[in-house]
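Going down the list, the sequences are from chains A and B.
Sequential numbering of the first sequence, starting at 1, is according to full-length UniProt numbering.
Sequential numbering of the second sequence, starting at 1, is according to full-length UniProt numbering.
We treat Cβ as the ideally placed atom computed from N, Cα and C, and that holds for glycine.
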Amino acid sequence: MVGVVIVSHSQTLAEGVVELAKLMASDAKIVAAGGLDDGTPGTSFEKIYNAVEEVYSDDGVAVLMDMGSAVMTTEMVIEAMEGRKIVMLDGPVVEGGVVVALEASLGTPLEELQEKVDEARDTKKLDN
Amino acid sequence: MIDILKAIAAKIDEEKDYLTELDNEIADGDHGVNMAKGFDAVVAKLDAMAGKDIGSILKTTGMTLVSTVGGSAGPLYGTAFMKAGAKLAGKNEMDGKDLVEAMEAAIGGIQMRGKATTGEKTMLDALCPAFDALKEGIEAGEDLKDALTKAVKAAEDGVEYTKTIKATKGRASYIGDRSIGHQDPGATSAFYMLETLLANI
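Next up, the structure:
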């Protein structure tokens, strides 16, 4: 099963996305890497690195990030873990996180997850 | 190099509140505090680096910034110092030509990491004109101090220029046109670093 890491500047936001995703996919391997080591806002190289390690398997890991340093720090983690199967997904963190956790728990491979996030981004919440 | 980095850390710490204030006006208000935290962590490692080559010292500085800054400045300056360190590997002294090469690599790293260019109201608006001035001076045969003096002036002008333009990269881009009139904190911290380098060579 693909592992999922949610990266956010906010620890509580990242944990909240994991909480929401687990409602849909209780057995998903999804973890939060939000905030700095002391819980204050920011993105932590170590937290992201350790989160990827925690859910890593041969099936790989998908990472969803909020903005700015979350993206850049994740890139640096991936460079530091060169040769491992880790993919950054581009899309909404909340909706994307839920969809990716669900798809991963159903056995969807890493290569197909970006497409699922794109669908989540395009889904309208209001009819008009 | 250790003394220069300590002086940069002191300058960043001194200007911490001002940098944060600048950042507060246009973005999330963490630049000064984050940079000070990062450079505090760098200073804590510097004494153990005594006797090491400039490349190793800069690489450790970069890695420490990545791990401790927490905002965009972490991966950006972190990559910059690591790239500069790679260029200066094995060197115990740095001449004008070395600085040109190191700065070119550092700027390349920032552009790669931030997918940014000049005119977007970022640290590049201070660093790129400074680099051009430095390179021109060194290539014309000026000594390091003269060339770097012009580079610092160009960086200062670059900081002024960021007041006139709209942010299109980073958190400040969320406020669009309303960022015009405000000075970019990243360009300001980049200027402080160059100014401190000049004062300590």
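_Alpha carbon of Ala41/B to alpha carbon of Ile165/B, nearest angstrom_ = For the purposes of this step, residue 41/B is taken as the residue at position 41 of the second sequence. For the purposes of this step, residue 165/B is taken as the residue at position 165 of the second sequence. Looking at the two C-alpha atoms, the distance is approximately 33 Å.
_Is there a Cβ of chain B sitting closer than 8 Å to that of Ser105/A, yes or no?_
In the first sequence, counting from the first residue as 1, residue 105/A sits at position 105. Contact with chain B is absent for Ser105/A, since none of that chain's Cβ atoms lies less than 8 Å from the residue's Cβ.
*Compare the C-beta of Ser69/A with all C-beta atoms of chain B and state if any pair is closer than 8 Å.*
Here residue 69/A corresponds to residue number 69 of the first sequence, with the count starting at 1. Look at Ser69/A: its C-beta is under 8 Å from a C-beta on chain B.
*asked:* Tell me the rounded alpha-carbon separation between Asp177/B and Met76/A.
replied: Counted from its first residue, the second sequence places residue 177/B at position 177. Counted from its first residue, the first sequence places residue 76/A at position 76. Rounded to the nearest angstrom, the two C-alpha atoms are 31 Å apart.
*Apply the 10 Å Cβ neighbour rule to Ile6/A and answer buried if 16 or more other Cβ atoms are within range, or exposed otherwise.*
In the first sequence, the residue the question calls residue 6/A occupies position 6. Here Ile6/A is buried: its Cβ has 16 or more other Cβ atoms, across all protein chains shown, within 10 Å.
*Find the residues of chain B that neighbour Met81/A, judging by a C-beta separation of less than 8 Å, and give them in chain order.*
Mapped onto the first sequence, residue 81/A falls at position 81. In chain order: nothing, as chain B lies at least about 14 Å away.
*What residue does the beta strand (DSSP E) around Met8/A start on, and which one ends it?*
The residue you call residue 8/A lines up with position 8 of the first sequence. According to the sequence shown, residue 8/A is Ser rather than Met. For Ser8/A, the enclosing beta strand (DSSP E) begins and ends at 3–8.
*Report yes or no: is there a C-beta of chain B within less than 8 Å of the C-beta of Gly39/A?*
The residue given as residue 39/A occupies position 39 in the first sequence. Not one chain B Cβ lies under 8 Å of Gly39/A.
*Where the beta strand (DSSP E) containing Gly34/A begins and where it ends*: Here residue 34/A corresponds to residue number 34 of the first sequence, with the count starting at 1. In this chain, the beta strand (DSSP E) harbouring Gly34/A covers 30–34.
_7 Å Cβ shell around Met193/B - same chain, five flanking residues per side excluded_ = The residue labelled residue 193/B in the question sits at position 193 within the second sequence. If we look at Met193/B and ignore the five residues flanking it on each side, its Cβ neighbours are Ile8.
*Using CA coordinates, which residue listed in Ala80/B, Pro75/B, Gly108/B, Lys97/B is at the minimum distance from Glu142/B?*
The residue you call residue 142/B lines up with position 142 of the second sequence. Of the candidates Ala80/B, Pro75/B, Gly108/B, Lys97/B, the one whose C-alpha sits nearest the C-alpha of Glu142/B is Lys97/B.
*How many whole angstroms separate the CB atoms of Leu124/B and Ile138/B, which I take to be in contact at a CB cut-off of 8 Å?*
Translated into the one-based positions of the second sequence, residue 124/B becomes position 124. Translated into the one-based positions of the second sequence, residue 138/B becomes position 138. The beta-carbon separation of Leu124/B and Ile138/B, rounded to 20 Å, does not stay under the 8 Å limit for a contact.
*Should the stretch 82–92 of chain B be regarded as contacting the stretch 112–120 of chain A, the criterion being three or more beta carbon pairs within less than 8 Å?*
Segments in contact, no.
*Write down every uninterrupted run of the alpha helix (DSSP H) in the stretch 135–162 of chain B whose length is 4 residues or greater and which is fully enclosed by it, in chain order.*
As for any alpha helix (DSSP H) of minimum length 4 sitting wholly inside the stretch 135–162 of chain B, the runs are 144–162, ordered along the chain.
*For Ile26/B, which option in Ala199/B, Glu195/B, Arg171/B has the closest C-alpha, if you only look at C-alpha atoms?*
Position 26 of the second sequence, counted from the start, is the residue given in the question as residue 26/B. Residue Arg171/B is the option with its Cα nearest to Ile26/B.
*Closest to Leu197/B by CA distance: which of Val152/B, Thr122/B, Asp13/B, Glu104/B is it?*
Position 197 of the second sequence, counted from the start, is the residue given in the question as residue 197/B. Comparing Cα-Cα distances from Leu197/B to each of Val152/B, Thr122/B, Asp13/B, Glu104/B, the minimum goes to Val152/B.
_Minimum Cβ-Cβ distance from Thr43/A to chain B less than 8 Å_ = Walking along the first sequence from the start, residue 43/A turns up at place 43. So, interface residue.
*asked:* Quick check on Tyr174/B: buried or exposed, where buried means 16 or more other Cβ atoms within 10 Å of its Cβ?
replied: Numbered from 1 along the second sequence, position 174 holds the residue referred to as residue 174/B. Tyr174/B should be labelled exposed.
*Would you kindly work out how many angstroms separate the C-alpha atoms of Leu46/B and Leu106/A, rounded to a whole number?*
Residue numbering aside, residue 46/B sits at position 46 when the second sequence is read from its first letter. Residue numbering aside, residue 106/A sits at position 106 when the first sequence is read from its first letter. So the two alpha carbons sit approximately 49 Å from each other.
*On the three-pair Cβ rule with 8 Å, is the stretch 11–31 of chain A touching the stretch 93–108 of chain A?*
They touch, by the three-pair rule.
*Counting along the chain, where does the beta strand (DSSP E) carrying Val69/B start and finish?*
For the purposes of this step, residue 69/B is identified with residue 69 of the second sequence, where counting begins at 1. Counting along the chain, no beta strand (DSSP E) covers Val69/B, and no H or E run does either.
_Please return the same chain residues whose Cβ sits closer than 6 Å to the Cβ of Leu65/B, not counting the five positions on each side in sequence._
Counting from one through the second sequence, the residue named residue 65/B turns up at place 65. Excluding sequence positions up to five before and after Leu65/B, its CB lies within less than 6 Å of the CB of Gly38, Gly74, Tyr77, Gly78, all in the same chain and listed in chain order.
*asked:* Could you check whether Ala33/A and Lys47/A sit closer than 8 Å to each other, using their CB atoms as the reference points?
replied: Counting from 1 along the first sequence, the entry for residue 47/A is found at position 47. Counting from 1 along the first sequence, the entry for residue 33/A is found at position 33. Yes. Within cutoff.
*State yes or no: is the beta carbon of Gly109/B nearer than 8 Å to at least one beta carbon in chain A?*
The sequence position of residue 109/B within the second sequence is 109, counting from 1. The Cβ of Gly109/B sits no closer than 8 Å to any Cβ of chain A.
*What does Glu46/A touch in chain B if you count any residue whose Cβ is under 8 Å from its own?*
Here residue 46/A refers to the residue found at position 46 when the first sequence is read from its first residue. Those within 8 Å of Glu46/A in chain B are Ser67.
*Check the C-beta distance from Val100/B over to Ala126/B and give it rounded, since I have them as a contact under 8 Å.*
Translated into the one-based positions of the second sequence, residue 100/B becomes position 100. Translated into the one-based positions of the second sequence, residue 126/B becomes position 126. Wrong, their Cβ atoms sit about 17 Å apart, outside the cutoff.
*Is DSSP giving Thr164/B helix, strand or coil here?*
Indexing the second sequence from 1 puts residue 164/B at position 164. It is coil, neither helix nor strand.
*Just checking, does the stretch 93–100 of chain A make contact with the stretch 35–43 of chain A on the three C-beta pairs under 8 Å criterion?*
No, the stretch 93–100 of chain A is not in contact with the stretch 35–43 of chain A.
*Proximity winner among Glu120/B, Leu144/B, Gly62/B, relative to Tyr131/B (alpha-carbon distances)*: Locating residue 131/B in the second sequence gives position 131, counting from the first residue. Residue 131/B is actually Phe in this sequence, not Tyr. Proximity to Phe131/B across Glu120/B, Leu144/B, Gly62/B peaks at Leu144/B, based on C-alpha coordinates.
*Sheet register partners of Ile86/A (DSSP bridge)*: Counting from one through the first sequence, the residue named residue 86/A turns up at place 86. According to DSSP, which records beta bridges pairwise, Ile86/A is partnered with Val61/A.
*Pro109/A burial status per 10 Å Cβ neighbour count (16 or more: buried)*: Residue 109/A sits at position 109 when you count from the first residue of the first sequence. The residue in question, Pro109/A, is exposed, as its Cβ has fewer than 16 Cβ neighbours within 10 Å.
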